[in-house]
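Below is one structure, written out as structure tokens, with a few remarks after it.
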Amino acid sequence: MDFSFSKFIDYIVNNWQYVLEKSADHMSMSLTAVAFSCLIGIPLGVIITRNKKVSDVILGIANVIQTVPSLALFAFMISIFGIGRTNAIFALFLYALLPIIKNTYIGIKNVEPAITQAATGMGMTKFQILYKVEMPLSVAVIMGGIRIATVTGIGVATIATLIGAGGLGDVIYQGIGMANLQMILTGAIASAVLALFADFVLGKVEKKLTSKGLTTN
Amino acid sequence: MIEIKGVVKNYDGVTNVVDNLNLTINDGEIVVLIGESGCGKTTTMKMINRLIEPTSGAIEIDGKDIKQFEKIELRRNIGYVIQQIGLFPHLTIGQNIALIPKLVKKDAKETLARVKELMEMIDLSYDDYAERYPGELSGGQQQRIGVARALANDPDVILMDEPFSALDPITREQLQNELLKLQDELHKTIVFVTHDIDEAFKIGDKVALMKDGAIIQYDTPEGMLKNPLNDFVENFIGQDRLWKTPDMLKASDVMEKNVVTIGANRSIVNAIGIMRDRQTKVLVVVKNTPEPKTEILGLVGSNRLRGVENGDLKMKDIMKTDFRSTHKDDCLATVLTMRKENNLRYTPVLDDNGSLIGIITDISVLNVITDVMPVSEDY
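If you read the protein sequences in the order shown, they are chains A and Y. Mapping to numbering that gives the first Met the number 0: the first sequence position 53 is 52, numbers consecutive. Mapping to numbering that gives the first Met the number 0: the second sequence position 79 is 78, numbers consecutive.
What follows is the structure, given as structure tokens:
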């Protein structure tokens with residue numbers, strides 16, 4: 000395999016539409032998975048703060064899922080659900096769950112007991128305490144989990160091509176097959192850029208959601 | 000009025016953290032629960048807003064069992080201030096104070112006016128502070144906000160759980176004074192938990208000293224100081240306590256109660272006889288009016304009798320008329336100053352009706368001091 004910078008530029012110039020298409024595909028796949036993870040993971044993370052036993056079980060399961068190598072997880076998915084985009088998203092969803100559940104759990108657990116005690120004593124309901132006090136106070140930690148989940152998700156999604164789900168993995172694996180370094184590099188760099196971009200945007204969202212009162216001291 | 004009736008709290012089936020406690024807290028009073036840690040004072044307080052449910056017994060507010068109230072409803076009508084302050088750091092000062100009024104859907108304009116009024120009360124200007132966050136404020140300012148937040152929904156009852164313990168001594172004293180000032184205007188029923196006896200005596204209309212989940216003595220600070228029920232109370236408040244708070248010593252505590260009177264028309268010989276019999280160096284000359292009112296005309300000390308040769312002189316002729324008397328509730332410091340400034344050795348003490356009930360002499364002042372001197376046989 001030989002590589003030259005000009006060839007690399009040539010490849011991008013000639014194939015930018017294809018790369019862009021695959022990037023969009025890649026992004027939508029990872030983000031859908033993360034979105035579902037948030038939908039399930041955040042409430043789950045909140046629920047387990049109320050019960051020690053349940054929290055041990057849920058966090059245990061999520062930990063186990065996380066330890067399965069991503070390649071194995073995808074292979075496993077094929078054997079059960081077959082190939083396709085939906086299955087890839089499901090695998091990515093499972094993968095994103097742990098950081099989201101765990102960070103939600105930690106974030107809410109770390110809210111100073113005095114603050115929730117004051118809130119209870121003042122006559123706030125449990126739900127009011129959750130969405131008016133605990134969630135706003137742990138937003139940075141929860142967003143941290145979402146950011147980790149997103150960045151890892153975008154990385155892992157390159158493997159989704161193995162179960163025919165498309166994305167930038169297509170570019171990379173085609174490159175490997177054709178021994179085309181330019182293609183491999185393009186796919187890899189594009190997915191890295193996507194990850195950085197997503198993290199940047201989520202960072203902005205986090206800043207927006209975090210009260211100024213939590214950053215000024 | 001809050002009535003705690005036979006309340007027991009037990010977590011493990013063995014030890015009663017609160018043991019058959021009875022306590023009546025009158026409207027508009029500050030009642031301080033005090034005791035060493037683990038005596039059940041905080042548990043008792045938390046049962047009033049049902050943060051803790053009693054194992055048995057009942058708590059009534061204005062005659063209604065608090066179990067009949069919805070928990071959330073009950074708490075919204077009871078102010079709550081805690082030691083760690085517990086302001087919400089992600090909300091501005093204004094939002095913190097307005098939180099409960101907003102939750103109970105009070106009118107927005109009314110709420111804003113209330114927040115302004117409360118901030119004025121605690122001497123933090125609305126314009127300067129409402130938009131700021133708790134993290135930007137000092138501990139003392141934060142706890143002021145904590146108090147304002149507790150007052151936001153205009154509750155009749157306020158629970159304060161060691162609210163000033165975490166503050167430095169100077170700030171603590173400021174906030175204590177401010178609380179008393181606020182209370183003068185607001186007349187809330189305040190239950191105040193502390194382990195600091197100085198604070199208890201300063202803040203409390205009544206003090207309930209607790210031990211092992213029971214109240215040992217429930218009395219006014221003066222009552223507890225002057226008549227400690229037993230050794231535990233005496234040790235807890237400290238035997239020299241009276242001298243650390245001398246403003247609690249009244250003229251009536253210092254006076255000699257065995258005051259000897261004499262009629263205005265009695266002779267010197269009579270006077271000398273009475274003095275010898277009653278072993279006193281001063282006689283109070285009174286008008287012979289029917290009891291109970293005793294009108295004082297003057298004082299005759301033993302010096303005035305010395306060297307008088309005219310045996311016809313009566314008390315009214317030789318008595319000292321430019322004396323000063325004092326009211327029984329005047330504090331000792333005032334009396335001592337008056338005595339010094341006017342060079343007085345004897346000060347008659349009068350009750351509310353202007354009747355003579357005692358006399359302060361050099362000896363009686365000394366006696367009070369020797370009462371609190373340590374008894375030691377080493378000297």
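Cβ atoms here follow ideal geometry from the backbone N, Cα and C, with glycine treated the same way.
- In the three-state reduction of the DSSP assignment, A/Lys125 falls in the helix class.
- If you draw a straight line from the Cα of Y/Met44 to the Cα of Y/Gly237, it is about 25 Å long.
- Between the beta-carbon of A/Ile107 and that of A/Ser78 there is about 37 Å, and that puts the pair past the 8 Å contact cut.
- Secondary structure of Y/Glu135 (DSSP, three-state): helix.
- Residue burial is scored here from C-beta neighbours: Y/Ile1 has at least 16 other C-beta atoms within 10 angstroms and is therefore classed as buried.
- For a Cβ distance threshold of 7 Å, residue set Gly85, Phe87 of chain Y lies close to A/Ile114, ordered along the chain.
- Note that the C-beta distance between Y/Thr219 and Y/Val206 is below 9 Å.
- The CB of A/Gly166 never comes closer than 9 Å to any CB in chain Y; the least such distance is about 38 Å.
- Of all residues in the region 166-179 of chain Y, none places a beta-carbon less than 7 Å from a beta-carbon of chain A.
- For Y/Glu59, the enclosing beta strand (DSSP E) starts and ends at 55-60.
- According to the DSSP assignment, Y/Asn9 belongs to the beta strand (DSSP E) that extends over 1-9.
- Between Y/Asp160 and Y/Val192, the C-beta spacing is below 9 Å.
- Taking 7 Å as the upper bound on Cβ-Cβ separation, chain Y lies near no residue of the region 30-46 of chain A.
- In the structure shown, Y/Asn234 falls within a helical segment according to DSSP collapsed to helix, strand and coil.
- Every candidate beta strand (DSSP E) stretch fails here, since none sits fully inside the region 78-155 of chain Y while reaching 3 residues.
- Of all residues in the region 128-151 of chain A, the ones placed with a Cβ closer than 9 Å to any Cβ belonging to chain Y are Lys131, Val132, Pro135, Leu136, Val138, in chain order.
- Secondary structure of Y/Val13 (DSSP, three-state): coil.
- Around the beta carbon of Y/Pro162, 16 or more other beta carbons sit within 10 angstroms, so the residue counts as buried.
- The Cβ atoms of Y/His89 and A/Ser210 lie closer than 9 Å to each other.
- Contact annotation: Y/Leu298 and Y/Met274 have beta-carbon atoms that are not nearer than 9 Å.
- Contact holds between the region 22-36 of chain A and the region 83-101 of chain A, because three or more Cβ pairs, one in each stretch, are under 8 Å apart.
- At least one CB of chain A lies nearer than 9 Å to the CB of Y/Ala149.
- Counting only residues of its own chain and dropping the five nearest sequence neighbours on each side, Y/Gly12 has no CB closer than 6 Å to any other CB.
- Per the C-alpha coordinates, the member of Y/Ile99, Y/Val114, Y/Lys4, Y/Ile356 positioned closest to Y/Ile60 is Y/Lys4.
- Boundaries for A/Ala178: no alpha helix (DSSP H) harbours it, and the DSSP string shows neither H nor E there.
- C-alpha of Y/Asp195 to C-alpha of Y/Ser363: approximately 32 Å in a straight line.
- Per DSSP, A/Thr157 lies in no beta strand (DSSP E) segment and is marked neither H nor E.
- Within chain A, no residue has its beta carbon less than 9 Å from that of Y/Pro53; the closest one is some 17 Å off.
- Boundaries of the beta strand (DSSP E) around Y/Ala207: 205-210.
- Taking all protein chains in view, the Cβ of A/Val63 is surrounded by fewer than 16 other Cβ atoms within 10 Å, so the residue is classified as exposed.
- Taking every protein chain shown into account, the CB of Y/Ala332 has fewer than 16 other CB atoms within 10 angstroms, so this residue is exposed.
- In this structure, Y/Ala151 places its C-beta atom within 9 Å of the C-beta atom of Y/Leu98.
- Straight-line measurement puts the Cα of Y/Lys249 at about 30 Å from the Cα of Y/Ala270.
- One finds Gly122, Thr124 in chain A with Cβ atoms closer than 7 Å to the Cβ of Y/Ile71, taken in chain order.
- Within a 10 Å sphere around the beta-carbon of A/Thr115 sit 16 or more other beta-carbons, which makes this residue buried.
- Neighbours of Y/Asn48 in chain A, taken as residues whose beta carbon is under 7 Å from its own, are Gly120 in chain order.
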